[in-house]
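Following my numbering, the numbering of the sequence shown begins with 465 at its first residue and continues without gaps. Step one of this worksheet: look at the structure below.
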Amino acid sequence: MQNYKQLGIDHFYRKDFKTAKTYFSLAYEKRKNKRLLNFINLCDLALNHPQEALLLFEFYIDNYRLKFIDKDFDQILNSIEFKNALPKESEFEDGYALNYKDFLISEEKIGFKKSFENIIYSGKLVINDKEDFLEFLEKLLDNGYKDFTLNYIEDVFLHFWANKKFIKIQKKLLKMKNDSKI
465 MQNYKQLGID
475 HFYRKDFKTA
485 KTYFSLAYEK
495 RKNKRLLNFI
505 NLCDLALNHP
515 QEALLLFEFY
525 IDNYRLKFID
535 KDFDQILNSI
545 EFKNALPKES
555 EFEDGYALNY
565 KDFLISEEKI
575 GFKKSFENII
585 YSGKLVINDK
595 EDFLEFLEKL
605 LDNGYKDFTL
615 NYIEDVFLHF
625 WANKKFIKIQ
635 KKLLKMKNDS
645 KI
């Protein structure tokens, strides 16, 4: 009897990901098992991102017998897939740039605070539309980033000083600052 799982592993190491997936699928047909599904998912990832898949494969093989490996594996795979689903970024000397539309997609998936923190620590956010920028300022303020909002307001004041929405954001920030002093 063939050991399809071992054949799949062997082909994965040879970077023959399609054949590896076939063998893992045959093994899964014989014995339905979450770990075999993980190997199949790794083959899918490897078809587009072989380096990341090989690293995750090594991690999975090394920790295969641990009780909670499936949960950890799913989290790592989901984060890799999310990162790879984002459009490729324009390179800057100290990170990458994410456009506002992609930021909004990230916000829907992981929330404003986490999306904003990701931008702060690893890149830049490019906003080309005035209304989008004002919306972003409001979201910053609504999520408790008063100092960031103030810095942005100071930087763009000359461009927006007569804009009603901008004035409204300034007043809201001032009120929040005054309320926190009490």
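Quick reminder that beta carbons are idealized off the backbone N, C-alpha and C, glycines included. Quick caveat, the model's predicted, so the values are computed rather than measured.
Residue range of the alpha helix (DSSP H) that residue i falls in?
i	result
residue 588	First-last for residue 588: 587 to 590, but that is the beta strand (DSSP E), not the alpha helix (DSSP H).
residue 573	564 to 574
residue 485	481 to 494
residue 474	468 to 477
residue 609	Segment: none, residue 609 is in no alpha helix (DSSP H) and carries neither H nor E.
residue 503	498 to 512
Comparing C-alpha positions only, which one of the options sits nearest to residue i?
i	options	result
residue 505	494, 488, 634, 493	488
residue 584	573, 565, 596, 604	604
residue 530	512, 499, 509	499
residue 517	496, 473, 571, 590	473
residue 545	611, 638, 466, 514	514
residue 491	479, 542, 466, 512	466
residue 510	528, 535, 631, 484	484
So residue i and residue j are supposed to be a Cβ contact under 8 Å. How far apart are they, rounded?
i	j	result
residue 521	residue 576	Rounded, the Cβ-Cβ distance is 34 Å, inconsistent with contact.
residue 633	residue 589	Actually they are not in contact, since the Cβ atoms of residue 633 and residue 589 sit about 17 Å apart, beyond 8 Å.
residue 638	residue 610	Incorrect: roughly 10 Å between the Cβ atoms, too far for contact.
residue 524	residue 502	7 Å
Helix, strand or coil: how does DSSP classify residue i here?
i	result
residue 561	strand
residue 638	helix
residue 643	helix
residue 530	coil
residue 582	helix
residue 626	coil
residue 593	coil
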